[in-house]
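J.:
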Amino acid sequence: MTETLADIAHALVAPGKGILAADESSGTIKKRFDSINLVSTEDTRRDYREMLFSATDAMQNYVSGVILYDETIHQKAKTGTTLVDVMRASGAIPGIKVDTGAKPLAGPTARIETITEGLDGLRERLVEYHKLGARFAKWRGVITIADGVPTWNCVKANAHALARYAALCQENGIVPIVEPEILMDGPHSGHDIDECYRVTEWTLRTVFRELYDARVSLEGMILKPNMVIAGQKANAQASAEEVADKTLKCLKATVPASVPGIAFLSGGQSDQIATQHLSLMNAAGPLPWALTFSYGRALQAAALTAWGGTPENVAAGQRAFSHRAKMNSLAALGRWDAAMEKAA
Ligand code: 5MM
């Protein structure tokens, strides 16, 4: 049976399911492994991802798809099965990060602003990734808030690149996850929630205009945005209710109802806060689109610590991963409650 882009997109945001973002580039996974004093090698990266993808409770019940890094989509588990087949055995859909990273945007703000690269040769890479089993892809554009930043040049350039990427994905039978991230962490994160609202609204409006110009089918894509939230270095943090309200208001104003689903990034929020925000938003439904998670750090942090790089701790790592995935599954249904964390 031939799957349409819309079928794949709907499967990725099926009720109570969300996406595991496991597409850390080599530099990022090294930083994660540094936190548990583990050397990052091809084998340790394989062992870690194998531990996650073979966690059957999480992968069968709560995870719809996994975003992989180029190295991982080619790797085999210790048994000789490809990691792609390990996750497919649980019914999860393989996805792939296809951008090649955020690079300084030439011009007066080059020390702060970036443009995401990776369009050259993308058509050919997508054909290969499809053969390897990928049915969706991801591209992340990064927007920073600082004095006089973001510039229109940066917002426009990243939105344009996202649209060109999305059109190429759809041409090749791959659902694009369109990820414009307004950063909430890092050196420039002193902005308040209203500034995040303004920049998120501006960025999303620009992204959807570019997607329209590129004739991207909105029915066959997923949006992966940040929540509307104060920066980590802001003087005042908004309440969870305010984050949920302002995020929903912003998304309703900018995201057409023909988009099947919105899968948030966690962006540096703690595990539990990211879950709480998602649950509050879903509890405020009905909403025009499915609203779920595509978390990296907020799904993996506890599992990484519990595993600690030791074979004896594989089961402990998988239990921690399954717990977080279950909590986020409940949040995607608007049914999470803090008491459920303690009950586990
Ligand atoms: C998992 O991290 C992804 C890749 O980051 P790098 O290219 O910088 O290595 C990242 O794009 C991730 O998919 C999203 O930011 C969501 O992850 P978080 O941790 O923000 O939920």
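Numbered according to this note's numbering, the sequence shown spans residues 12 to 355.
Built from N, CA and C at the ideal position, the CB exists for glycine as well.
How would the residue list near the ligand 5MM read, in chain order, if you kept each one whose beta-carbon is closer than 7 Å to any heavy atom?
T.: My final list is Ala32, Ala33, Asp34, Glu35, Ser36, Gly38, Thr39, Ile78, Lys108, Gly112, Lys149, Arg151, Glu190, Glu192, Leu276, Ser277, Gly278, Gly279, Ser305, Tyr306, Gly307, Arg308, Ala309.
J.: For Pro271 and Ala117, I'd like the C-alpha separation in whole angstroms.
T.: For this step, residue 271 is matched to residue 260 along the sequence shown. For this step, residue 117 is matched to residue 106 along the sequence shown. Their backbone Cα atoms lie some 35 Å apart in a straight line.
J.: Inspect the CB distances between the stretch 37-57 and the stretch 326-337 and report whether three or more fall short of 8 Å.
T.: Because the criterion of three Cβ pairs below 8 Å is not met, the stretch 37-57 and the stretch 326-337 do not touch.
J.: Going by DSSP, which residues form a beta bridge with Arg151?
T.: To locate residue 151, count along the sequence shown from 1; it is residue 140. Looking at the DSSP assignment, Arg151 forms a beta bridge with Glu190.
J.: Since I believe Ala103 is in contact with Met70 (beta carbons under 8 Å), could you give me their beta-carbon distance rounded to a whole number of angstroms?
T.: Walking along the sequence shown from the start, residue 70 turns up at place 59. Walking along the sequence shown from the start, residue 103 turns up at place 92. That belief holds up - the Cβ atoms of Met70 and Ala103 are roughly 5 Å apart, short of 8 Å.
J.: Taking the beta carbon of Trp347 as the centre, do at least 16 other beta carbons fall within 10 Å, making it buried, or is it exposed?
T.: As a position in the sequence shown, residue 347 is number 336, starting the count at 1. Buried is the call here.
J.: Please confirm whether Asn183 and Leu137 have their CB atoms less than 7 Å apart.
T.: Walking along the sequence shown from the start, residue 183 turns up at place 172. Walking along the sequence shown from the start, residue 137 turns up at place 126. Yes; because the gap between Cβ atoms is below 7 Å, this pair is in contact.
J.: For Tyr59, report the span of its beta strand (DSSP E) as first-last.
T.: Within the sequence shown, the letter at position 48 stands for residue 59. It is not in any beta strand (DSSP E) - Tyr59 instead sits in the alpha helix (DSSP H) that spans 53-64.
J.: Counting C-beta neighbours from all protein chains within 10 Å, is the total for Tyr223 16 or more, i.e. buried, or is it exposed?
T.: On the sequence shown, residue 223 is found 212 positions in, with the first residue counted as 1. Its Cβ having fewer than 16 others within 10 Å, Tyr223 is exposed.
J.: Can you tell which of His199, Asp110, Leu31 has its C-alpha closest to the C-alpha of Pro191?
T.: Residue mapping note: residue 191 aligns to position 180 of the sequence shown, counting from 1. Of the candidates His199, Asp110, Leu31, the one whose C-alpha sits nearest the C-alpha of Pro191 is Asp110.
J.: Since Pro236 and Ala268 are thought to touch, with beta carbons under 8 Å apart, how far apart are those beta carbons, to the nearest angstrom?
T.: Along the sequence shown, one-based indexing puts residue 236 at 225. Along the sequence shown, one-based indexing puts residue 268 at 257. About 16 Å; that fails the 8 Å criterion.
J.: Answer yes or no: does any C-beta atom of chain D fall closer than 7 Å to that of Pro299?
T.: You won't find chain D in this structure, because it holds only one protein chain.
J.: Mind checking whether Thr214 and Val153 have CB atoms under 7 Å apart?
T.: Along the sequence shown, one-based indexing puts residue 214 at 203. Along the sequence shown, one-based indexing puts residue 153 at 142. No, the Cβ-Cβ distance between Thr214 and Val153 is not below 7 Å.
J.: Measure the Cβ-Cβ separation of Ala4 and Val24 and say whether it is below 7 Å.
T.: It is not possible to answer for residue 4, since the shown part of the chain is limited to 12 through 355.
J.: What alpha helix (DSSP H) runs, 4 residues minimum, are completely inside the stretch 169-243?
T.: Segments of the alpha helix (DSSP H) lying fully in the stretch 169-243: 204-224.
J.: Please name the residue, chosen from Gly91, Phe304, Asp45, Phe64, that lies closest to Gly27 on a Cα-to-Cα basis.
T.: For the purposes of this step, residue 27 is taken as residue 16 along the sequence shown, with counting starting at 1. That would be Phe304, whose Cα lies nearest to the Cα of Gly27.
J.: Does His85 pass the burial test, meaning 16 or more other C-beta atoms within 10 Å, or should it be called exposed?
T.: For the purposes of this step, residue 85 is taken as residue 74 along the sequence shown, with counting starting at 1. So His85 ends up on the exposed side.
J.: Helix, strand or coil: which one does DSSP assign to Lys114?
T.: By 1-based counting over the sequence shown, the position of residue 114 is 103. Correct three-state label for Lys114: strand.
J.: Report buried or exposed for Thr15, applying the criterion of at least 16 other Cβ atoms within 10 angstroms of its Cβ.
T.: Counting from one through the sequence shown, the residue named residue 15 turns up at place 4. That one is exposed.
J.: Thr67: buried (16+ other C-beta within 10 angstroms of its C-beta) or exposed?
T.: Taking the first residue of the sequence shown as position 1, residue 67 is located at position 56. Exposed.
J.: Do you know offhand how far Tyr140's Cα is from Ile185's?
T.: Locating residue 140 in the sequence shown gives position 129, where the first residue counts as 1. Locating residue 185 in the sequence shown gives position 174, where the first residue counts as 1. C-alpha separation (whole angstroms): 9 Å.
J.: Give the range of the alpha helix (DSSP H) segment to which Thr67 is assigned.
T.: Here residue 67 refers to the residue found at position 56 when the sequence shown is read from its first residue. From DSSP, the alpha helix (DSSP H) with Thr67 extends over 67-72.
J.: Cα-Cα, which of Cys207, Gly144, Met62 is closest to Glu253?
T.: Taking the first residue of the sequence shown as 1, we reach residue 253 at position 242. For Glu253, the nearest C-alpha among the options comes from Cys207.
J.: Can you tell which of Thr13, Ala350, Ala317 has its C-alpha closest to the C-alpha of Arg146?
T.: As a working mapping, residue 146 is identified with position 135 in the sequence shown. Selected option, being the one with the closest Cα: Thr13.
J.: Please state the DSSP three-state secondary structure of Val270.
T.: Locating residue 270 in the sequence shown gives position 259, where the first residue counts as 1. If DSSP states are grouped into helix, strand and coil, Val270 belongs with coil.
J.: Quick one: grab the DSSP three-state call for Pro105.
T.: The residue you call residue 105 lines up with position 94 of the sequence shown. Three-state result, Pro105: strand.
J.: For Ser75, name the three-state secondary structure that DSSP assigns.
T.: By one-based count along the sequence shown, residue 75 stands at place 64. Three-state result, Ser75: strand.
J.: Between the C-alpha atoms of Gln283 and Asp131, what's the straight-line distance to the nearest angstrom?
T.: Stepping through the sequence shown from its first residue, residue 283 is reached at position 272. Stepping through the sequence shown from its first residue, residue 131 is reached at position 120. In a straight line, the C-alpha of Gln283 is about 39 Å away from that of Asp131.
J.: Ends of the beta strand (DSSP E) at Ile30?
T.: In the sequence shown, residue 30 corresponds to position 19, counting from 1. Its beta strand (DSSP E) spans residues 29-32.
J.: Would you mind sorting Ala349 into buried or exposed? The rule is 16 or more other CB atoms within 10 Å of its CB.
T.: Taking the sequence shown and counting its residues from 1, one reaches residue 349 at position 338. That one is exposed.
J.: Between which two residues does the alpha helix (DSSP H) containing Leu133 stretch?
T.: Counted from its first residue, the sequence shown places residue 133 at position 122. It spans 133-142 - the alpha helix (DSSP H) in which Leu133 sits, taken as one unbroken run.
J.: At the level of alpha carbons, what is the spacing between Ala343 and Leu289?
T.: Within the sequence shown, residue 343 is the residue found at index 332, counting from 1. Within the sequence shown, residue 289 is the residue found at index 278, counting from 1. If you take the alpha carbons of Ala343 and Leu289, they lie about 6 Å apart.
J.: For Gln243, which residues in the same chain have their Cβ closer than 7 Å to its Cβ, ignoring the five residues on either side in sequence?
T.: Working through the sequence shown from its first residue, we reach residue 243 at position 232. Around Gln243: Met195, Asp196, Ser200, Gly279.
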